[in-house]
Amino acid sequence: MRIATPLLLLISSFTFAQTTGNSEELNKKIKSKFPLSTATIKYQITGDASGSAALYFDRNGWRAVEHKELIMERYGIKSTENTIELTDGDYKYQINVNAGKGKKTTDKSWSGLLGYKSHKETITAIMTSKGGEPAGEQTLNDKTCTVWKFNSGSTQEIWEWNGIPLKIVKKLPGLTYEMIAEEIVEIESINEELLALPNSVIWID
Numbered sequence: 014m015r016i017a018t019p020l021l022l023l024i025s026s027f028t029f030a031q032t033t034g035n036s037e038e039l040n041k042k043i044k045s046k047f048p049l050s051t052a053t054i055k056y057q058i059t060g061d062a063s064g065s066a067a068l069y070f071d072r073n074g075w076r077a078v079e080h081k082e083l084i085m086e087r088y089g090i091k092s093t094e095n096t097i098e099l100t101d102g103d104y105k106y107q108i109n110v111n112a113g114k115g116k117k118t119t120d121k122s123w124s125g126l127l128g129y130k131s132h133k134e135t136i137t138a139i140m141t142s143k144g145g146e147p148a149g150e151q152t153l154n155d156k157t158c159t160v161w162k163f164n165s166g167s168t169q170e171i172w173e174w175n176g177i178p179l180k181i182v183k184k185l186p187g188l189t190y191e192m193i194a195e196e197i198v199e200i201e202s203i204n205e206e207l208l209a210l211p212n213s214v215i216w217i218d
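Position in the sequence shown counted from 1, then plus 13, gives you this note's numbering.
In structure tokens:
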């Protein structure tokens with residue numbers, strides 16, 4: 014796995030704490046968030062940046078973590094960005110591994126909407142609330158994706174398959190890149206260390 018060597022070596026130097034989210038509770042009482050129960054998705058980053066990412070999820074998508082390594086050069090300066098984004102039900106943890114800093118947020122959009130809307134209606138409501146507009150369908154990895162385009166912010170496009178992003182196009186000052194899913198694999202379980210938070214992170218409001 015391309016992301017394993019540099020990023021997981023950094024992560025292995027941390028001590029970990031378990032999250033206190035509500036994904037297990039939501040998985041029992043609300044319909045599935047994703048069409049797969051437990052899986053890993055590997056992404057390749059191309060364009061004006063390079064790198065890779067991996068998304069691991071279980072509990073029908075209610076618990077998920079993305080590890081991403083981005084290598085970029087802007088205005089003649091090279092830099093590397095290593096991030097972890099963990100979602101545990103309604104709770105999200107975003108960590109900049111290099112800086113050792115993170116941010117905790119709460120988002121009840123999925124759980125609230127799936128309580129009374131269909132899965133498709135929920136995705137539409139979430140995407141439109143973020144400024145997305147549907148722009149047809151495309152096939153990626155034999156999956157039919159709905160393409161959403163955004164007129165503001167760093168995210169330009171999201172190709173989602175039943176709520177799972179398989180392609181993301183981002184535009185930042187000085188560069189544009191794509192993160193594209195190369196492999197989707199269903200698995201039995203996820204290593205709990207991948208779903209734990211580093212104790213050494215400084216949490217910023």
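All residues carry an ideal CB built from backbone N, CA and C; glycine is no exception.
Is K133 helix, strand or coil when you go by DSSP?
helix
Contact defined as beta carbons within less than 8 Å: I believe L210 pairs with L99. What is the distance between those atoms, to the nearest angstrom?
7 Å
Contact check, G145 vs I171 under 8 Å by CB: the rounded distance?
At roughly 7 Å, the Cβ-Cβ gap stays under 8 Å, so G145 and I171 are in contact.
What residue range is occupied by the uninterrupted alpha helix (DSSP H) comprising S122?
Per DSSP, S122 is one residue of the alpha helix (DSSP H) stretching across S122 to L127.
Spatial neighbours of S92 within its chain, please: C-beta separation below 7 Å, excluding the five flanking residues on both sides.
Within the same chain, and ignoring the five residues on either side of S92 in sequence, the residues whose Cβ sits closer than 7 Å to its Cβ are M85.
Is V198 closer than 8 Å to T53 when the C-beta atoms are compared?
A distance below 8 Å separates the beta carbons of T53 and V198.
Please state whether DSSP places I203 in a helix, a strand or coil.
coil
For W174, is the classification buried or exposed, using 16 other Cβ atoms within 10 angstroms of its Cβ as the cut-off for buried?
buried
Can you give me the C-alpha to C-alpha distance between E205 and Y104, rounded to a whole angstrom?
17 Å
Find out if the Cβ-Cβ distance for the pair M192, A67 is shorter than 8 Å.
no
Simplified DSSP state of K44, which is helix, strand or coil:
coil
Taking DSSP as the reference, what is the three-state secondary structure of I217?
coil
Flag this pair as yes or no: are the beta carbons of N73 and K42 separated by less than 8 Å?
Inclusion of N73 and K42 in the CB contact set at 8 Å is not warranted, their separation being larger than that value.
Report the three-state DSSP secondary structure of N73 (helix, strand or coil).
Correct three-state label for N73: helix.
With distances taken from CA atoms, which of T152, K55, L127 and V182 is nearest F70?
K55
Any idea what DSSP makes of L4, helix, strand or coil?
Residue 4 cannot be examined here, being either before or after the span of the chain that is shown, 14 to 218.
Within this structure, are the beta carbons of K184 and S165 separated by less than 8 Å?
no
Out of H80, L39, I97 and T141, point me to the one whose CA is closest to K162's CA.
T141
Have a look at T137 and L126 and give me their C-alpha separation to the nearest angstrom.
Taking the straight line joining both Cα atoms gives about 10 Å.
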